[in-house]
Amino acid sequence: MVGCSGSAPSADSGCSCYLVEADGYRLVLDTGSGSAGPLQRYVTPADVDLVLLSHAHSDHWVDLTQLWYLRERSSDRPLEVVGPSDLPEFVYAEAETMHARRATAEPFRAGPLTIRQAAVPHGECWATRVGDALCYTADSEPAAALDELARGCRVLLAEASGFDAEGPLRGHLTAGDAGRLARRSGAELLVLTHLRAWQDAPALLAEAAAIADCPVVLATPGLRVAL
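Under my numbering, residues 1 to 227 are what the sequence shown spells out, in order.
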């Protein structure tokens, strides 16, 4: 876990950014605001193989520009990016130092990893499945597409952007929603992320843990999870 704050960075964490490593391959899920600096604690920009961006809100993608800048100065290899169609056009127009393509629901291989993505309700937003190991919800309200993508995953990395008592959150999961998704998916571990600085994170954890039938933890910068 590189960054796990939602909507804006906190004093202790940048926004959404997660590093997946497998057999020397390095995949970055989202590059939210404030994440490019801390990401370098775990991987050099030259060694990033692929960046998957869930959607075009700044707390999920904007530090791509910083990672790209650092990458240009450390590698001749173009930065590979997959993202939503509504990213700024320069992302797709650049041809020499960044190769970007628009996300689709077609599965694809990324090094040793099999990637599947599904469109979920939060503007144009893509949740991601990495093999059987991981499902990342990105930002989404409860949806059949998310249930299908998450089914059978070992680790569910799910946003927890509020409480059930607040009522259904348009475009977001509550902590209770995350717990219910974990139950339906059969996940072995639920990791709550997109934690907003002004919210009570232990209370979010308690709400999800009371519903999920697997261990539940809060994402924190530096947390490592074996997949």
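Using N, Cα and C, we set each Cβ at its ideal position, and we do this for glycine too.
Because the structure is a prediction, the values reported are computed rather than measured.
From the DSSP secondary-structure annotation, give me the bridge partner or partners of residue i.
i: Phe108; result: Ile115
i: Trp126; result: Ala119
i: Val48; result: According to DSSP, Val48 bridges with nothing at all.
i: Gly83; result: Arg102
i: Val20; result: Leu27
i: Cys135; result: Arg129, Leu156
i: Ser5; result: Cys15, Leu195
i: Val216; result: Leu190
In chain order, what residues of the same chain lie with their CB nearer than 6 Å to the CB of residue i, ignoring the 5 residues before and after it?
i: Arg129; result: Arg116, Cys135, Leu149
i: Asp177; result: Pro142
i: Arg151; result: Ser185
i: Ala36; result: Asp63, Gln66, Leu67
i: Ala56; result: Pro84, Asp86, Leu87
i: Ser54; result: Asp30, His60, Cys125, Trp126, Ala138
How would you call residue i, buried or exposed, if buried means at least 16 neighbouring beta carbons within 10 angstroms?
i: Thr114; result: exposed
i: Thr104; result: exposed
i: Glu96; result: exposed
i: Asp49; result: buried
i: Trp198; result: exposed
i: Tyr69; result: exposed
i: Pro45; result: buried
i: Glu207; result: buried
Excluding five sequence neighbours on each side, which residues of the same chain lie with their C-beta closer than 7 Å to the C-beta of residue i?
i: Leu169; result: Glu141, Ser161, Gly162
i: Leu205; result: Leu192, Val216, Leu218
i: Glu106; result: none
i: Arg180; result: Ile211
i: Gly222; result: Met1
Roughly how many angstroms separate the alpha carbons of residue i and residue j, rounded to a whole number?
i: Pro109; j: Gly131; result: First, the amino acid is wrong: residue 109 is Arg here, not Pro. Approximately 10 Å between the Cα atoms of the pair.
i: Asp76; j: Leu67; result: 14 Å
i: Glu80; j: Val51; result: 6 Å
i: Pro38; j: Thr174; result: 27 Å
i: Arg101; j: Glu94; result: 11 Å
i: Ala138; j: Ser85; result: 16 Å
i: Ala226; j: Gly24; result: 15 Å
i: Ser58; j: Arg183; result: 30 Å
i: Arg26; j: Asp164; result: 35 Å
i: Pro202; j: Leu19; result: 24 Å
i: Val43; j: Asp12; result: 19 Å
i: Leu146; j: Arg73; result: 38 Å
Just checking residue i against the ligand GTP - is the residue's beta carbon closer than 7 Å to any of the ligand's heavy atoms?
i: Ala219; result: Ligands in the displayed structure: none, and consequently the ligand GTP is not present.
Leaving out the 5 sequence neighbours to the left and right, which residues in its chain are closer than 8 Å to residue i when beta-carbon positions are compared?
i: His99; result: Pro78, Leu79, Glu80, Val81
Within the chosen definition, does the stretch 208-218 reach the stretch 18-30 through at least 3 CB pairs nearer than 8 Å?
The answer is no - the stretch 18-30 does not touch the stretch 208-218, with fewer than three Cβ pairs under 8 Å.
Are three or more beta carbon pairs between the stretch 179-196 and the stretch 149-158 nearer than 8 Å?
Contact holds: three or more Cβ-Cβ distances are below 8 Å.
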